[in-house]
Amino acid sequence: MYAAMDVVTIMDFKRLQLNVMTYNELINGHRIKNAMDEARKVFDSMVRYGCEPNIFSYNLMICGYCKTDRVSDASKLLQRFDDKNGLSDLVFEIADRAKQEELEPYIVRYDMLLDGMVESGCFNAAMALFHKIYAAGLKPSVATYNIMMEGLCSRGLS
């Protein structure tokens, strides 16, 4: 990651403006290394320098938080996005994009978020997101259903 940050420093020195794709690559690099505090610094600097995070910026952060058992941070960021754009809008926008590109990999990202919510005891939030995913027309995978069944079983609702 240090080499990537060196490139950013050079870009800054040459007064080249970073765009959302550049920031997302940096966030993703930190996310892959489970360095979510560093990823959050990059995310916050985006906003500070006038670069608006997009749905992929939020998705990278939320998935990274869930992967590192920081579901509370994921929920706060999800709430921030919802306050700003509407969570339903995010779900429907991702579903539309997936349909246009004939892709279904976005459900995997929701699986990560759902799994993090279920594992941390946020089952009601997971269930609400599950319903939004279904309403948006994304087809839940077997893994999605397994995550939700695990949550039901852990709550004694089998």
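For what it's worth, this note's numbering labels the leading residue of the sequence shown as 23, then goes sequentially.
We put the CB at the ideal spot given by N, CA and C, even for glycine.
Just so we're clear, the structure is a prediction, and the values are computed from it rather than from any experiment.
- prompt: Can you tell which of A57, E47, M170 has the C-alpha that lies nearest to the C-alpha of K89?
  reply: For the purposes of this step, residue 89 is taken as residue 67 along the sequence shown, with counting starting at 1. If we check each option's Cα against that of K89, A57 comes out closest.
- request: Counting only the same chain and skipping the five closest in sequence on each side, list residues whose C-beta sits under 7 Å from that of R177.
  value: Here residue 177 refers to the residue found at position 155 of the sequence shown. So the list reads F145, once near-sequence residues are dropped.
query: What span of residues does the alpha helix (DSSP H) with L48 cover, start to end?
result: Counted from its first residue, the sequence shown places residue 48 at position 26. Looking at the DSSP string, the run of the alpha helix (DSSP H) that includes L48 is 42–54.
query: At which residues does the alpha helix (DSSP H) containing T166 begin and terminate?
result: The residue labelled residue 166 in the question sits at position 144 within the sequence shown. Segment 164–176, the alpha helix (DSSP H) holding T166.
task: Return the CA-CA distance between S163 and Y156, expressed in angstroms with no decimal places.
output: Within the sequence shown, residue 163 is the residue found at index 141, counting from 1. Within the sequence shown, residue 156 is the residue found at index 134, counting from 1. Roughly 11 Å separates the two Cα atoms.
task: Mind checking which residues open and close the alpha helix (DSSP H) that includes K154?
output: Counted from its first residue, the sequence shown places residue 154 at position 132. It spans 145–157 - the alpha helix (DSSP H) in which K154 sits, taken as one unbroken run.
message: Buried or exposed, going by whether 16 or more other CB atoms sit within 10 Å of the CB of V69?
response: Here residue 69 refers to the residue found at position 47 of the sequence shown. Under this definition V69 is an exposed residue.
- prompt: Measuring CB to CB, does R53 end up less than 8 Å from L82?
  reply: The residue labelled residue 53 in the question sits at position 31 within the sequence shown. The residue labelled residue 82 in the question sits at position 60 within the sequence shown. Yes; because the gap between Cβ atoms is below 8 Å, this pair is in contact.
Start and end residues, alpha helix (DSSP H) containing E60: To locate residue 60, count along the sequence shown from 1; it is residue 38. Unbroken alpha helix (DSSP H) run through E60: 58–70.
- request: Would you identify the three-state DSSP class for K89, choosing helix, strand or coil?
  value: Locating residue 89 in the sequence shown gives position 67, where the first residue counts as 1. In the structure shown, K89 sits in a helix (DSSP, three-state: H, G or I).
message: Tell me which residues share the same chain as L125 and place their Cβ nearer than 6 Å to its Cβ, disregarding the 5 neighbours each side in the sequence.
response: Position 103 of the sequence shown holds residue 125. Note that L125 has pLDDT 48, beneath the 50 cutoff, so the model's placement of it is unreliable and the number below is only indicative. Closer than 6 Å at the Cβ level, and outside the excluded window around L125, lies no residue.
- prompt: In chain order, what residues of the same chain have a beta carbon less than 6 Å from the beta carbon of P75, not counting five sequence neighbours either side?
  reply: Along the sequence shown, one-based indexing puts residue 75 at 53. Around P75: M68.
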